[in-house]
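Residue numbering for the sequence shown follows our numbering, beginning at 4 and increasing consecutively.
We put the CB at the ideal spot given by N, CA and C, even for glycine.
Encoded as structure tokens, the structure appears first; notes follow it.
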Amino acid sequence: AREAARRIQCSNNLKQLGTAIHTYLGDHEMFPAGVSYHPLWGDTRTPLDEITGKGWIIDILPFLEQRQLYNEFKPGLVGQWPAGGIGRPECAEAMKTRTAELQCASDPTVHENSTEQWQWFGYEVALTSYKGVMGDNRMGGSYSVHPGSEPSCTISRSCPGIFWRFSFLNPVKTKDVTDGLSNTLMVGHSRPRYFPCSAAYFGNGDYASTYAPINYVPQPFDRAEWWNWWGFSSDHPGGAPFCMADGSVQFLDEEIDYPLYRALSTKAGGESVEFP
């Protein structure tokens with residue numbers, strides 16, 4: 004009964020995130036965008052002052068009744084990370100601030116701050132249980148034990164899904180989701196203890212790929228081998244919850260057909276899918 008209640012609360016969190024994203028979408032006519040912590044390799048068009056490291060979650064804070072927290076991040080919305088951007092000392096307290104909507108009740112580790120997140124070693128940051136869906140990108144390319152779409156969209160302007168760290172260079176609009184909002188995964192569940200790149204408000208901690216099966220955990224787990232664990236998972240038995248691009252929430256079985264799972268994560272793949 005307790006787990007059932009926690010699962011309902013988790014679904015409610017995702018619904019709130021979905022509602023906040025759609026409110027932002029209504030105001031800006033595009034999905035909130037993640038911002039990388041480094042320039043796009045080989046791209047001289049990106050103003051360095053825009054490489055702030057801002058995660059897409061910051062954009063929706065005002066629609067989660069977190070306007071004050073959003074205001075605390077304003078000094079970090081300009082300048083190159085880490086000296087500028089959200090790496091500024093003025094943003095340190097905001098980076099530590101936990102938000103209930105980002106915490107799954109079934110995962111005890113997300114309710115404590117961390118000083119061991121990638122790019123934030125030694126700095127205390129709040130964590131998130133929920134990541135934007137980048138598509139089925141093969142993280143790390145041939146280093147990964149999983150297949151997936153290539154080349155890596157961690158180094159390109161485009162990506163199969165809705166959220167990735169360079170999405171600010173190529174903002175996604177509803178017209179771009181040609182596979183249909185109800186057929187496209189938008190936000191999914193992950194566990195920070197198996198995803199040590201989960202700083203809640205950082206543009207390199209707020210997205211994941213469907214290249215890895217749901218609840219896949221490498222054995223033994225090696226935090227350095229990020230190319231194998233950059234997927235979705237949960238402590239809810241049997242699978243993980245996702246918010247679709249239309250704002251609805253679905254619980255996907257960890258035994259879901261792998262090609263179907265990957266197809267659901269692309270916004271314009273043209274796949275013919277039947278939702279499970």
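Thinking C-beta only, is residue j closer than 8 Å to residue i?
i: methionine 33; j: tyrosine 204; result: no
i: valine 136; j: isoleucine 89; result: no
i: glutamate 119; j: proline 199; result: yes
i: tyrosine 210; j: tryptophan 232; result: no
i: threonine 102; j: leucine 67; result: yes
i: glycine 79; j: arginine 91; result: yes
i: alanine 108; j: valine 180; result: no
i: arginine 160; j: histidine 149; result: no
i: alanine 266; j: valine 252; result: no
i: alanine 243; j: histidine 192; result: yes
i: leucine 130; j: serine 212; result: no
i: aspartate 139; j: glutamate 274; result: no
i: proline 42; j: leucine 28; result: no
By DSSP's criteria, residue i is part of a beta bridge. Which residues make up the other side?
i: phenylalanine 135; result: Just to set this straight, residue 135 is glycine in the shown sequence, not phenylalanine. Answer is Val190, Tyr210, bridged to glycine 135.
i: glutamine 253; result: Phe245
i: leucine 130; result: Ala202
i: serine 152; result: Asn140
i: serine 117; result: Val128
For residue i, which three-state DSSP category applies?
i: glycine 88; result: helix
i: proline 244; result: strand
i: alanine 227; result: coil
i: lysine 270; result: coil
i: arginine 196; result: helix
i: glutamate 277; result: coil
i: tryptophan 233; result: coil
i: proline 111; result: helix
i: glutamine 12; result: helix
i: serine 159; result: coil
i: glutamate 258; result: coil
Write down the C-beta distance between residue i and residue j rounded to the nearest angstrom, noting that I regard them as a contact closer than 8 Å.
i: glycine 234; j: glycine 58; result: Going by Cβ atoms, the distance from glycine 234 to glycine 58 rounds to 18 Å, so no, they are not a contact pair.
i: tryptophan 84; j: serine 147; result: With a Cβ gap of about 26 Å, tryptophan 84 and serine 147 do not count as contacting.
i: glycine 206; j: valine 81; result: Contact doesn't hold; Cβ gap of about 14 Å is too wide.
i: isoleucine 61; j: tyrosine 73; result: 7 Å
Secondary structure, alpha helix (DSSP H): runs of 4+ residues fully inside the stretch 16 to 80: 59 to 63, 70 to 75
Length at least 3, wholly inside the stretch 162 to 189: the beta strand (DSSP E) runs in chain order: none
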